[in-house]
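Asker: Letter by letter, the sequence shown follows residues 11 to 138 of the numbering used here.
We put the beta carbon where it would ideally sit given N, CA and C, even for glycine.
Keep in mind the model is a prediction, meaning the values are calculated, not measured.
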Amino acid sequence: MTALITDYAATYREAANIIGTNGHNKGDWYSVPETGVGIELAPAECPVDAGGAISIALTGSPTHAWYDVPLVEAAVRRFMEHLRPGYTRPMAIWDLGRWNDAEERTAAGVILAFKDAARAEETAGVAA
11 MTALITDYAA
21 TYREAANIIG
31 TNGHNKGDWY
41 SVPETGVGIE
51 LAPAECPVDA
61 GGAISIALTG
71 SPTHAWYDVP
81 LVEAAVRRFM
91 EHLRPGYTRP
101 MAIWDLGRWN
111 DAEERTAAGV
121 ILAFKDAARA
131 EETAGVAA
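1) Let me make sure I understand the geometry here. Which of H34, P57, T31 and I28 has the alpha-carbon closest to that of V42?
2) In its own chain, which residues sit with a C-beta less than 7 angstroms from the C-beta of A137, not counting the 5 before and 5 after it?
3) Where do the N-terminal and C-terminal ends of the alpha helix (DSSP H) with M90 fall, by residue?
4) Between E24, A128 and F124, which has its C-alpha nearest T200's C-alpha?
5) Specify the secondary structure class of Y40 as computed by DSSP and reduced to three states.
6) If you follow the alpha helix (DSSP H) that Y22 is part of, which residue opens it and which one closes it?
7) Mark R88 as exposed unless 16 or more other C-beta atoms lie within 10 angstroms of its C-beta, in which case mark it buried.
8) Does the Cβ-Cβ distance between L122 and A60 come in under 8 angstroms?
9) What residue does the alpha helix (DSSP H) around L106 start on, and which one ends it?
10) Taking 8 angstroms as the cut-off, decide whether the C-beta atoms of V120 and I29 are in contact.
11) If you compare alpha carbons, which of K36, V79 and A63 is closest to A112?
12) First and last residue of the alpha helix (DSSP H) that includes D200?
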């Protein structure tokens, strides 16, 4: 299988930045906060979950179009492999949602997981 993404580390670093900037969401890829009369945020500016952050990093939108699904799913699957070494389940996007929505999960925890995955990608294959 050909890799769909050449720089997973950059994708995960950008996803961490997105969570840090937009805020962390649970229960859906993104949520539109109440901002006041006449002020609306674009979906890419709203609080997002881990999957939404990866999607924004790769496509510019927290909800990807049908043609972006393989791109986002590849990054989600690889991220799940960082979270759970040996991960092989077919529906990584659903498992990431469950991980993101865990009661104990915080924005700081999601950001740290993205940064850890980015560091692991950068050092993969580098001899010690």
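Answerer: Inspection of the coordinates gives the following:
1) Walking along the sequence shown from the start, residue 42 turns up at place 32. For V42, the nearest C-alpha among the options comes from P57.
2) Residue numbering aside, residue 137 sits at position 127 when the sequence shown is read from its first letter. Unreliable placement is indicated for A137, whose pLDDT of 43 sits below 50; no coordinate value is reported for it.
3) For this step, residue 90 is matched to residue 80 along the sequence shown. Taken as a continuous stretch (DSSP letters only), the alpha helix (DSSP H) holding M90 covers V79 to L93.
4) What the structure shows of the chain is the stretch from 11 to 138, and residue 200 is not part of that stretch, so it cannot be assessed.
5) Taking the first residue of the sequence shown as 1, we reach residue 40 at position 30. Y40 falls in the strand class under three-state DSSP.
6) Locating residue 22 in the sequence shown gives position 12, where the first residue counts as 1. Segment Y18 to N32, the alpha helix (DSSP H) holding Y22.
7) If you number the sequence shown from 1, residue 88 lands on position 78. Its Cβ being crowded by 16 or more others within 10 Å, R88 is buried.
8) The residue given as residue 122 occupies position 112 in the sequence shown. The residue given as residue 60 occupies position 50 in the sequence shown. Result no, Cβ atoms of L122 and A60 do not sit closer than 8 angstroms.
9) In the sequence shown, residue 106 corresponds to position 96, counting from 1. Element bounds for L106: A102 to D111.
10) The residue labelled residue 120 in the question sits at position 110 within the sequence shown. The residue labelled residue 29 in the question sits at position 19 within the sequence shown. A contact, by the Cβ cut-off of 8 angstroms.
11) The residue given as residue 112 occupies position 102 in the sequence shown. Nearest of K36, V79 and A63 to A112, Cα basis: K36.
12) Residue coverage of the chain in this structure runs from 11 to 138, which leaves residue 200 outside it and unanswerable.
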